[in-house]
Amino acid sequence: MTTQPKTAASRSDEAIRKHKEFLWPAVANYYQHPLVADRASMQYLWDVEGNKYLDFFGGIVTVGVGHCNPKVTSKIKAQVDKLQHTSTLFPNEAIVALAEKLAEITPGKLQKSFFTSSGTEANEAAILLARMAGPSYDIVALRHAYSGSSALAKGLTAHAAYRKSGVIGVGVSHAVSPYCYRCPLHLKYPDCGVACANDVEDLIQTGTSGSIAAFIAEPIQGVGGFITPPPEYFKIVYRIVKNYGGLFISDEVQTGFGRTGKKWFGIEQWEVTPDIITCAKSMGNGVPVGATITTSELAGKFQGLTISTFGGNPVTSVAARAVIEVIEEENLRENTHVVGGYLRQQLEALQAKYPLIGDVRGMGMMQALELVRDRATKEPAPAETNQLLERARANGLLIGKGGLHGNVIRLAPPMNISKADVDEGIRLLDKSFAEIKA
Ligand SMILES: Cc1ncc(COP(=O)(O)O)c(C=O)c1O
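Just so you know, our numbering puts the end of the sequence shown at 784, numbered straight through with nothing missing.
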C-alpha cells in the first residue's frame with residue numbers, strides 16, 4: 347500500500363490534533379484554528395499551509411534580531427559541530443566570552459553572570475541571592491507583574507490566571523503598579539505626585555518585617571500589557587528600597603537587549619542602576635538562555651553551591667554573544683529608537699481613527715494598544731481584542747496580546763525592521779481594525 351503525501355491542510359490539522367492529544371491543555375495556543383509554524387526568516391514567518399506573515403510579536407517578545415538571523419545561526423551551527431555541552435562543571439570559551447561581553451554592556455558595576463536556560467530560573471537565582479545577601483527574607487514585587495512559571499516565580503507574578511492552586515508566595519508582597527491609564531489610586535499624572543511609588547514604602551512598613559531583601563520589577567511590565575511607568579517612578583522607588591536595606595532587581599526578560607531603544611536595558615531609561623539584572627528571551631533570539639547579572643560583591647554572597655546543567659551551554663552562549671554583536675554592528679539600539687518612534691506615531695494615528703483604542707503606550711520596539719469598549723468608562727474589550735488578533739492573522743500580520751483583562755495588543759517586532767515594514771504592519775492593522783464587528 348502506498349501512503350499519500352500529506353497535504354498542507356492535513357499537516358496543519360494533524361499537528362493541531364496531536365497538540366490537543368499529547369500536550370497539557372493549559373498550554374494554550376493563539377487563534378481558534380491555531381497557526382502551525384513551519385519556517386521563518388527575519389521579520390517573516392510561514393505556516394505549514396504556506397501562508398506568509400509579517401511577524402510583529404517574535405514568539406513572545408523574543409526574536410530581537412530577526413528569525414533565524416544567519417549571522418547568529420551560522421555561529422550556532424559551527425558550535426554545535428564543535429562542542430555542544432559541558433555543564434557548569436567545566437569552563438568553556440563560549441561562556442566566558444559571553445560573560446565578559448555582558449560585563450561590558452550592563453550598567454554600573456554589574457560584572458558577574460550566572461547563566462540559566464530561562465527567565466524563570468534567572469529570577470529564581472536573583473531572589474535566592476537577594477535573600478542570602480539581604481537583611482530579611484521579604485521581597486516586594488508589583489501587581490500586574492509576570493516573573494515566570496516556577497512556584498516562586500508564580501508567587502512573584504500578580505495575575506490571578508497565573509496564580510492558581512499550588513502557588514505559595516511566602517515572603518512576597520505586592521505594591522500597586524504604576525499603571526497610569528488605570529491608576530490604582532484613582533489619581534491623574536502628574537498631579538498625583540507619583541503617589542504609587544510611595545505605596546512601596548507603605549507596603550514595606552505594613553506588609554513586611556520592616557526591611558526587605560529585594561524589590562523586583564520589570565522596567566515596562568510585559569505580560570501586564572506593556573505598562574509604562576511615569577519617568578520619575580523608579581527613581582523614587584529606588585530611594586525607598588535602599589532606605590529599607592533592599593536590593594533592586596530589574597527583570598529585563600522583555601525589556602532587555604535594546605528593545606526599548608538607545609539603551610541596552612530598560613531600567614537605564616529610568617536612570618536607575620540596579621543591583622541585579624535578569625534576562626532571557628531576546629538575549630538568545632530564540633535559543634533558551636537566561637542570565638542573572640550582579641556585582642562581584644553580591645555574587646560572592648551566594649552561600650553553598652549551585653549548578654545549572656544547561657546554563658551557559660556553549661551553543662546558547664555563542665548564540666547570545668552573536669546577538670549582542672549583531673545589535674552592535676548594525677546599530678540596532680538606534681534603529682529601535684528611530685523606527686520604534688515612527689511605529690508609535692502611526693499607532694497614535696490609528697488611535698485617532700478607532701475609538702476602540704483607549705491607550706497607546708510603550709517604548710522603542712515595544713508598543714501596546716489597550717482596547718476599550720468605551721473611552722469614558724474604559725471597559726476592557728477582550729472579545730474585540732481576540733477578533734483583532736484573528737483578523738490580523740487572516741490579513742498576514744502576527745501580533746500579541748496581554749493585560750490582566752486580555753485587552754491589550756502587544757507589538758514587539760524585530761529591532762532590525764525598517765519604516766517600510768512599519769508601514770506594511772500598520773496597513774494590515776488598519777485593515778484588521780476596520781473588519782472588527784461590534
Ligand atoms: C518579565 C518576564 N520575566 C520572566 C519571564 C519568564 O521567562 P521564561 O518564560 O523564559 O521562563 C517572562 C516570560 O514571559 C517575562 O515576561
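The beta carbon of each residue, even a glycine, is placed where N, CA and C say it ideally should be.
Which whole-angstrom value describes the C-beta separation of residue i and residue j, a residue pair presumed to lie in contact below a C-beta threshold of 8 Å?
i           : j           : result
residue 727 : residue 750 : That belief does not hold up - the Cβ atoms of residue 727 and residue 750 are roughly 13 Å apart, past 8 Å.
residue 562 : residue 590 : That belief does not hold up - the Cβ atoms of residue 562 and residue 590 are roughly 14 Å apart, past 8 Å.
residue 408 : residue 657 : In fact, because the Cβ distance is near 18 Å, the residues do not count as touching under 8 Å.
residue 690 : residue 706 : 7 Å
residue 609 : residue 679 : 7 Å
residue 377 : residue 756 : Contact flag wrong, Cβ pair sits at about 15 Å.
residue 481 : residue 535 : Incorrect: roughly 33 Å between the Cβ atoms, too far for contact.
residue 716 : residue 527 : 6 Å
Starting from residue i, trace the alpha helix (DSSP H) both ways and give me its first and last residue.
i           : result
residue 365 : 354-368
residue 390 : Where residue 390 is concerned, there is no enclosing alpha helix (DSSP H), although the beta strand (DSSP E) it sits in stretches over 390-393.
residue 747 : Taken as a continuous stretch (DSSP letters only), residue 747 belongs to no alpha helix (DSSP H), being part of the beta strand (DSSP E) at 746-748.
residue 436 : It is not in any alpha helix (DSSP H) - residue 436 carries neither H nor E in the DSSP assignment.
residue 783 : Segment: none, residue 783 is in no alpha helix (DSSP H) and carries neither H nor E.
residue 421 : 416-428
residue 405 : 404-407
Can you name, in chain order, every residue of its own chain whose Cβ lies under 7 Å from the Cβ of residue i, other than the five neighbours on each side?
i           : result
residue 710 : 605, 606, 607, 682, 683, 686
residue 513 : 497, 500, 501
residue 775 : 696, 738, 743
residue 632 : 405, 408, 409
residue 451 : 610, 670
residue 545 : 521, 522
residue 483 : 477, 517, 559
residue 430 : 660, 661
For residue i versus residue j, is the C-beta distance shorter than 7 Å?
i           : j           : result
residue 489 : residue 522 : yes
residue 444 : residue 663 : yes
residue 556 : residue 519 : no
residue 417 : residue 670 : no
residue 640 : residue 613 : no
residue 625 : residue 646 : no
residue 619 : residue 460 : no
residue 569 : residue 752 : no
residue 594 : residue 616 : no
residue 564 : residue 597 : yes
residue 758 : residue 396 : no
residue 754 : residue 636 : no
residue 644 : residue 479 : yes
residue 718 : residue 704 : yes
residue 438 : residue 660 : yes
residue 454 : residue 599 : no
residue 457 : residue 468 : no
residue 772 : residue 734 : no
residue 543 : residue 533 : no
residue 559 : residue 477 : yes
residue 463 : residue 634 : yes
residue 566 : residue 574 : yes
residue 411 : residue 762 : yes
Does any residue of chain C have a CB that is nearer than 7 Å to the CB of residue i?
i           : result
residue 742 : Within the model displayed, chain C is absent; a lone protein chain is all it includes.
Identify, in the order they occur along the chain, each residue of the same chain with its Cβ nearer than 6 Å to the Cβ of residue i, setting aside the five sequence neighbours on each side.
i           : result
residue 380 : 362
residue 475 : 648
residue 421 : 664, 668
residue 779 : 700
residue 382 : 358, 361, 393, 394
residue 714 : 571, 572, 707, 708, 754, 756
residue 777 : 741
residue 493 : 469, 499, 502, 503
residue 440 : 660, 663, 664
Taking residue i as part of the beta strand (DSSP E), name the residues at either end of that continuous run.
i           : result
residue 537 : It is not in any beta strand (DSSP E) - residue 537 carries neither H nor E in the DSSP assignment.
residue 519 : 518-521
residue 754 : 754-757
residue 557 : Premise fails: residue 557 is in no beta strand (DSSP E) and is neither H nor E.
residue 398 : 398-401
residue 493 : Residue 493 -> no beta strand (DSSP E), and no H or E assigned at all.
residue 386 : 383-387
Give every residue of the same chain whose Cβ lies closer than 8 Å to the Cβ of residue i, excluding the five residues on either side of it in the sequence, and list them in chain order.
i           : result
residue 390 : 398, 399, 400, 401, 413
residue 352 : 360
Restricting to runs no shorter than 4 residues, where is the alpha helix (DSSP H) found entirely within the region 631-680?
List check, alpha helix (DSSP H) in window: 642-645, 660-675.
Runs of beta strand (DSSP E) wholly within the region 457-486 (minimum 3 residues, chain order):
Taken in chain order, the complete beta strand (DSSP E) segments of 3 or more residues contained in the region 457-486 are 458-462.
To test your reading of the DSSP string, which unbroken beta strand (DSSP E) runs of 3 or more residues are found completely within the region 688-739?
Given a length threshold of 3 residues, each whole run of the beta strand (DSSP E) inside the region 688-739 is given here in chain order: 703-709, 712-720.
Which runs of the alpha helix (DSSP H) fall wholly inside the region 583-621 and span at least 4 residues, in chain order?
Within the region 583-621, the complete alpha helix (DSSP H) segments at least 4 residues long are 612-615, listed from N- to C-terminus.
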